[in-house]
Amino acid sequence: MADPTTTDPRAGTAVLVAVAWPYASGSRHLGHLAGAYLPADVYARHQRLVGNRVLMVSGSDVHGTPITVRADAEGVTPVDIVDRYHAEFVADWDRLGISWDLYTSTGTENHAAVTQDLFLRLLENGHIDRRSSEQYFDPEADRFLPDRYIEGTCPHCDYAEARGDQCEDCGRTLDPEDLVDPRSKITGSIPELRATEHFYLRLSDFTEPLGEWLDSREGWRRHVLNFSKGWVEEGLQDRAITRDLDWGIELPVDDLGPGKRIYVWFEAVIGYLSAAKEWAQRRGEPEAWRDWWEDPEARAVYFIGKDNIPFHTIIWPGMLIGYGGLNLPTDVPANQYVTFKGGKASASRGVGLTIGEGLDLFQADALRYALAAALPEQSDTDLSVEEIGRRVNEELVATWVNLVNRVLSMVHKTCDGAVPERDGRTGDDEAVLAGVDAALATVTDQVERVELRAALRTGMDAAAEVNAYLNATEPWKLATSDPGRARVVLGTALAAVAGVRVALSPYLPFSTEALDDVFGPVESWERVEPAPGTPVGKPVPLFTKVDLDELLADEAPATDG
RNA sequence: GGCGACGUAGCUCAGUUGGUGAGAGCGCCCGACUCAUAAUCGGGAGGUCGACAGUUCGAAUCUGUCCGUCGCUACCA
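The first sequence maps to residues 12 to 572 in our numbering.
Listed below in structure tokens is the structure:
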């Protein structure tokens, strides 16, 4: 089991764990956590332990109109907004124990350089071209206006402050030309239509290769594949990839004139590549990123929410095909949504909890457990504070935390406060341990299929088996009737707990580490028995049950966006 | 409107290519146990698998219609 070649970090498969870039326009909520960050972290932690070379990257997405709109509304600069939320995200990840290899942002020089390189190569390869269109121009501000900077009356519902992209009153999507009495949000003046030029990504170039690629995908989630194929079958449309904004990455060519930037949807996905390069540079091995991006044996798994599917299964793969020589996604196990009391989680609308609010109510591992047990892998999953608390109390604490506590307590009391020797095990004893080892193997199968809820259940079932073993052997009785046998049973239970701990470690990093004193750090995906003689003190419970009544009374409404 | 998905025990959800009497966790009931955070273990009761019609020897699983919920609709990402 302890084959050193499988635990050598340089010997395993290169696995890129690519995680959605949180948009630095506001707080992220528990739906985002369950949708992308938590599953990515669980997957990455497991993959490291089985000996693969994991590179887990993401960063804050800092460009785009929603950020400038918010900055304008608050009378601050976009940088102020971005810095505020980037700092919040970093603090959230730290509290949650998200194990990034690099968490950066799209605001770096490196990202701009990589983006410009992709742009130029795609331009060179003929996949980007220039087209002119009519667009609203603000004569007073002397600039073209993005859709969101135009206001007017909605042609459908007569709402007077509809935006050029959407009417917030009736929810319909709009084109700026649809607005009655349009006006500039910047100066209030009446905009006029003028011809302007933008660069377009010729997505239609990739219809055939993307269709073939999608047809050849195996093991992808049905909703991801259906949705993606639907897009291709409808016909891929070329998309403008520049915008009239000054908050974004500059074009590496100057023939559009000033005031044009590369728009977020084109550059944000490039972050997966630029972050890998940044990681390599920081490591002092600037070419190391190639192991994850150019080696055909490498895997790339993208953890995103379902709202992001087309960007990761169509647009980004299209860009990669057009660029050439870089690996396409191996899998995009997009999650569905977490809803709160039936409504889609939304920090801006006050539905559900922000990550920070969740962490104020629950310990990180408790929150991780409850969300992992309810990951929306196949369908939307409904959550509530009560539901999270219930899972923590009735499942995590009752089954696993209590098991650890009862075993350590008995070992402390009846084995002279130390891990007992291993000899004298019977067939029943070996059977429990074999069960735990089988659970470890099952978890690996499930995690590699990104069935993380099921994998967590497997770990919890293993814990229940150990509880059953204790109930059957009754070591508390043996302590007086047959002390020798009691030591064997408790030593077995301890060994079993050691294995279950490994199985649960991707989900519960903090409580895993809290047991290092007895079991040693978890360094590989195997059941390592604690060394006989290791001191076992009176255990301190890993968790306290949460008081649901108190929790609900304290539950603050989420109002910030 | 178009596209996609969902509607399975009280609650949250599983159910690859249709086939032994429909599952899990939690809750509930009964029992065992008392080492452990009234935790654990065993057993049990709960479902016309949204409705209707059809295909089939046979459908929760395929087809159609309807009802309900939701997401997307390309300048939110």
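The beta-carbon is built from N, C-alpha and C at its ideal position, and this holds for glycine as well.
Give me, in chain order, the residues of the same chain whose beta-carbon lies closer than 8 Å to that of residue i; leave out the 5 immediate sequence neighbours on both sides.
{"i": "D72", "result": "W32, P33, Y34, A35, S116, T117, V275, A279, G282"}
{"i": "R21", "result": "At R21, the pLDDT of 44 sits below 50, so the modelled position is not reliable and the matter cannot be decided from this model."}
{"i": "P552", "result": "V412, N416"}
{"i": "D571", "result": "Only weak support is given to the placement of D571: the predicted model assigns it a pLDDT of 32, under 50, and the value that follows is read from those uncertain coordinates. Result list for D571: G37, S38, A358, T365, in chain order."}
{"i": "T410", "result": "M471, A474, A475, N478"}
{"i": "V511", "result": "W411, L414, V447, A450, G470, A473, A474, V477"}
Give me the DSSP bridge partner(s) of residue i.
{"i": "D393", "result": "T350"}
{"i": "M471", "result": "None, per the DSSP bridge assignment."}
{"i": "E162", "result": "R174, R194"}
{"i": "I273", "result": "T253, I260"}
{"i": "Y114", "result": "S69"}
{"i": "E203", "result": "F148"}
{"i": "H209", "result": "R142"}
{"i": "A429", "result": "P546"}
{"i": "Y34", "result": "D72"}
{"i": "T184", "result": "Q177"}
{"i": "R64", "result": "A25"}
Can you check which of these residues, the options, is closest to residue i by C-alpha distance?
{"i": "P150", "options": "T198, L133, D186, W104", "result": "T198"}
{"i": "G367", "options": "L444, L41, V28", "result": "L41"}
{"i": "F373", "options": "L107, Y96, V101", "result": "L107"}
{"i": "L236", "options": "P543, M330, N346", "result": "N346"}
{"i": "E244", "options": "A445, E219, D318", "result": "E219"}
{"i": "L185", "options": "G354, N478, A173, E305", "result": "A173"}
{"i": "W104", "options": "K240, D342, A47, V529", "result": "A47"}
{"i": "K556", "options": "Y480, L451, E397", "result": "E397"}
{"i": "T79", "options": "A251, M471, L382, P157", "result": "P157"}
{"i": "W290", "options": "A442, P431, W111, Y211", "result": "W111"}
{"i": "H138", "options": "K549, H234, Y211, R512", "result": "Y211"}
{"i": "L113", "options": "A286, V343, A429", "result": "A286"}
{"i": "D560", "options": "P543, A497, I399", "result": "I399"}
{"i": "D266", "options": "G531, W303, H209", "result": "H209"}
{"i": "D456", "options": "D528, H57, G246", "result": "H57"}
{"i": "R228", "options": "D342, S535, I320, V430", "result": "D342"}
{"i": "Q292", "options": "S395, E432, V125, A509", "result": "V125"}
{"i": "S239", "options": "A102, T324, V539, T253", "result": "T324"}
Counting only the same chain and skipping the five closest in sequence on each side, list residues whose C-beta sits under 6 Å from that of residue i.
{"i": "R183", "result": "H167"}
{"i": "G376", "result": "Here the sequence assigns Asp to residue 376, which means Gly is not the residue at that position. Closer than 6 Å at the Cβ level, and outside the excluded window around D376, lie L519, F521, S522."}
{"i": "R205", "result": "F148"}
{"i": "G23", "result": "G62, N63, R64"}
{"i": "V461", "result": "P344"}
{"i": "Q127", "result": "P263"}
{"i": "P187", "result": "Y147, D158, I161, G175"}
{"i": "K196", "result": "Y160, E162"}
Which two residues bound the contiguous beta strand (DSSP E) that contains residue i?
{"i": "D216", "result": "It is not in any beta strand (DSSP E) - D216 carries neither H nor E in the DSSP assignment."}
{"i": "R141", "result": "139-149"}
{"i": "Y313", "result": "310-314"}
{"i": "L27", "result": "25-30"}
Is it right to say residue i is buried, meaning 16 or more other beta carbons lie within 10 angstroms of its own, or is it exposed?
{"i": "G333", "result": "buried"}
{"i": "G241", "result": "exposed"}
{"i": "V90", "result": "exposed"}
{"i": "D434", "result": "exposed"}
{"i": "T16", "result": "Caution is warranted here: a pLDDT of 41 is assigned to T16, below 50, making its placement in the model unreliable, and no coordinate value can be reported."}
{"i": "R232", "result": "buried"}
{"i": "A98", "result": "exposed"}
{"i": "A309", "result": "buried"}
{"i": "E388", "result": "buried"}
{"i": "D14", "result": "With a pLDDT of only 43 at D14, under 50, the local geometry of the prediction cannot be trusted, and the value read off the model is given with reservation. Counting Cβ neighbours within 10 Å, D14 comes out exposed, since fewer than 16 surround it."}
{"i": "T491", "result": "exposed"}
{"i": "K271", "result": "buried"}
{"i": "P269", "result": "exposed"}
{"i": "A171", "result": "exposed"}
Could you pull the start and end residues of the alpha helix (DSSP H) that residue i belongs to?
{"i": "E135", "result": "120-135"}
{"i": "P89", "result": "89-107"}
{"i": "D376", "result": "375-383"}
{"i": "G438", "result": "438-459"}
{"i": "V53", "result": "49-60"}
{"i": "F322", "result": "F322 -> no alpha helix (DSSP H), and no H or E assigned at all."}
{"i": "R39", "result": "Run containing R39: none; DSSP gives neither H nor E here."}
{"i": "L489", "result": "486-492"}
{"i": "G246", "result": "Careful: G246 lies outside any alpha helix (DSSP H) and carries neither H nor E."}
Take residue i and list the residues in its own chain whose beta-carbon comes closer than 7 Å to its own, dropping the five residues that flank it on each side.
{"i": "G336", "result": "E305"}
{"i": "V499", "result": "G435, R436, D440"}
{"i": "L131", "result": "P263"}
{"i": "A525", "result": "L553"}
{"i": "P328", "result": "L221, W224, L339, P340"}
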